[in-house]
Amino acid sequence: MELIDIMIHRKLNILCIQETKWVGDKAKEIDSLGFKLWYSGRSRTRNGVGVIIDKSLKDNVIKINRIGDRIIALKIVVDDKIVNIISAYAPQVGLDMSSKLNFWNDLEELIQNIPLEERVFIGGDLNGHVGREVEKVGVAPVEDKIRESRLRWFGHIKRRPCDDPVRRVEVLDLTYVKKGRGRPKKAWLENIRNDLSLLDLNENLTFNRTQWRKMIHVADPT
Numbered sequence: 232m233e234l235i236d237i238m239i240h241r242k243l244n245i246l247c248i249q250e251t252k253w254v255g256d257k258a259k260e261i262d263s264l265g266f267k268l269w270y271s272g273r274s275r276t277r278n279g280v281g282v283i284i285d286k287s288l289k290d291n292v293i294k295i296n297r298i299g300d301r302i303i304a305l306k307i308v309v310d311d312k313i314v315n316i317i318s319a320y321a322p323q324v325g326l327d328m329s330s331k332l333n334f335w336n337d338l339e340e341l342i343q344n345i346p347l348e349e350r351v352f353i354g355g356d357l358n359g360h361v362g363r364e365v366e367k368v369g370v371a372p373v374e375d376k377i378r379e380s381r382l383r384w385f386g387h388i389k390r391r392p393c394d395d396p397v398r399r400v401e402v403l404d405l406t407y408v409k410k411g412r413g414r415p416k417k418a419w420l421e422n423i424r425n426d427l428s429l430l431d432l433n434e435n436l437t438f439n440r441t442q443w444r445k446m447i448h449v450a451d452p453t
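Using our numbering, the first residue of the sequence shown is number 232, and each one after it goes up by one.
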């Protein structure tokens with residue numbers, strides 16, 4: 232399996248994968264070297280997420296949480312610490328707005344329920360596109376609602392301890408990543424910077440959870 236070759240070559244203990252297109256909520260050994268795969272999927276043609284773990288850690292998994300075919304979270308004991316591994320796949324162009332909003336709400340709730348003393352690592356494709364806005368009477372624009380969900384999740388990340396692995400997204404260097412053809416995707420942090428600029432917000436406000444939620448809240452029209 233090509234993914235196992237990559238893990239061995241790069242000396243990776245854990246790998247988050249998306250667009251697996253495998254059906255079911257299962258776990259299975261995937262080669263003779265002891266690697267194990269946990270995955271969640273509903274269709275052989277789209278979506279699906281998974282986590283591959285090598286033999287040194289696979290028996291340390293103590294909890295699995297699958298949320299549809301776009302989020303899977305594994306809780307692992309590593310050196311007497313509990314580490315949460317989340318593989319996530321944000322909805323892309325062409326998906327309805329409710330799917331996009333549900334994804335961010337599910338991801339936010341998942342992170343919010345993780346105790347602060349536990350570590351969090353998120354690996355995934357989070358460059359989902361909002362698409363064109365469709366106005367409905369009595370409902371706030373979906374683009375604004377998705378922005379609110381994205382910023383609420385950003386707040387959760389900023390409030391994590393500075394040495395938490397999930398904070399690495401703030402300093403991750405992607406200059407070495409080979410770019411594909413076509414129009415480049417916006418990185419997650421670029422979207423966040425645009426959101427902060429649009430709402431004239433300072434990211435330091437995230438540390439006051441109550442104030443932050445009030446400032447980013449989007450109310451439905453009365």
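The beta carbon of each residue, even a glycine, is placed where N, CA and C say it ideally should be.
Being a predicted model, the structure only gives us computed values, none of them experimental.
Ordered along the chain, which non-local residues of its own chain (more than five positions away) have a Cβ less than 7 Å from that of residue i?
{"i": "A319", "result": "V280, R301, I302, L338, I353, G355, L357"}
{"i": "S330", "result": "P322"}
{"i": "Q249", "result": "V280, S318, Y320, G355, D356"}
{"i": "M232", "result": "I261, D262"}
{"i": "T251", "result": "Y270, G272, G279, V280, G281"}
By how many angstroms is the C-alpha of residue j removed from the C-alpha of residue i?
{"i": "L288", "j": "A321", "result": "27 Å"}
{"i": "L268", "j": "E434", "result": "37 Å"}
{"i": "V351", "j": "E260", "result": "24 Å"}
{"i": "N344", "j": "K376", "result": "21 Å"}
{"i": "M238", "j": "Q442", "result": "42 Å"}
{"i": "I317", "j": "S428", "result": "28 Å"}
{"i": "V307", "j": "R390", "result": "Per the sequence presented here, residue 307 reads as Ile, with Val not at that position. Straight-line Cα distance between these residues: approximately 22 Å."}
{"i": "N422", "j": "L234", "result": "29 Å"}
{"i": "D310", "j": "H387", "result": "25 Å"}
{"i": "D290", "j": "C393", "result": "28 Å"}
{"i": "L403", "j": "K312", "result": "Summary for L403: the model assigns pLDDT 49, below 50, so the residue's position carries little reliability; its value from the coordinates is reported in the next sentence. Taking the straight line joining both Cα atoms gives about 23 Å."}
{"i": "N336", "j": "S380", "result": "6 Å"}
{"i": "L332", "j": "L436", "result": "23 Å"}
{"i": "F385", "j": "G255", "result": "30 Å"}
{"i": "F419", "j": "N315", "result": "Before going further, note that residue 419 is Trp rather than Phe in the sequence given. Cα-Cα distance, rounded: 20 Å."}
{"i": "L430", "j": "D395", "result": "27 Å"}
{"i": "F334", "j": "R277", "result": "15 Å"}
{"i": "Y407", "j": "L432", "result": "Since pLDDT at Y407 reaches only 45, below the 50 mark, its modelled position is unreliable, and the value read off the structure follows with that caveat. If I take the Cα positions, the gap works out to 31 Å."}
{"i": "D236", "j": "R440", "result": "43 Å"}
{"i": "P346", "j": "N244", "result": "23 Å"}
{"i": "E348", "j": "E374", "result": "33 Å"}
{"i": "V365", "j": "R424", "result": "Any answer about V365 is weak, because its pLDDT of 44 lies below 50 and its placement is not dependable; what the coordinates show is given next. Near 24 Å, if we compare the C-alpha coordinates of R424 and V365."}
Which stretch, first to last residue, makes up the beta strand (DSSP E) that contains residue i?
{"i": "R390", "result": "No beta strand (DSSP E) holds R390; DSSP gives it neither H nor E."}
{"i": "L268", "result": "267-272"}
{"i": "K242", "result": "No beta strand (DSSP E) holds K242; DSSP gives it neither H nor E."}
{"i": "R277", "result": "It is not in any beta strand (DSSP E) - R277 carries neither H nor E in the DSSP assignment."}
{"i": "K259", "result": "255-260"}
{"i": "D356", "result": "350-356"}
Short of 8 Å in beta carbon distance, which residues of its chain neighbour residue i, apart from the five on each side in sequence? Order them along the chain.
{"i": "W253", "result": "Y270, G272, R275, G279, G281"}
{"i": "L341", "result": "N296, I298, I302, A304, I317"}
{"i": "A258", "result": "K267, L268, W269, Y270, I295"}
{"i": "F438", "result": "K389, R390"}
{"i": "R444", "result": "R383, G386"}
Leaving out five residues before and five after residue i in sequence, what residues of the same chain have Cβ atoms less than 6 Å from its Cβ?
{"i": "G265", "result": "K286"}
{"i": "L246", "result": "M238, I283"}
{"i": "V292", "result": "L305, I307"}
{"i": "L382", "result": "D426, I447"}
{"i": "D327", "result": "none"}
{"i": "R378", "result": "D426"}
Can you find a C-beta in chain D that's less than 9 Å from the C-beta of residue i?
{"i": "L246", "result": "Although the question refers to chain D, the structure presented lacks it and comprises just one protein chain."}
Tell me where the alpha helix (DSSP H) around residue i begins and ends.
{"i": "I423", "result": "419-430"}
{"i": "I447", "result": "440-447"}
Quick check on the DSSP output: what are the complete alpha helix (DSSP H) runs of length 4 or more inside the stretch 298-328, in order along the chain? none
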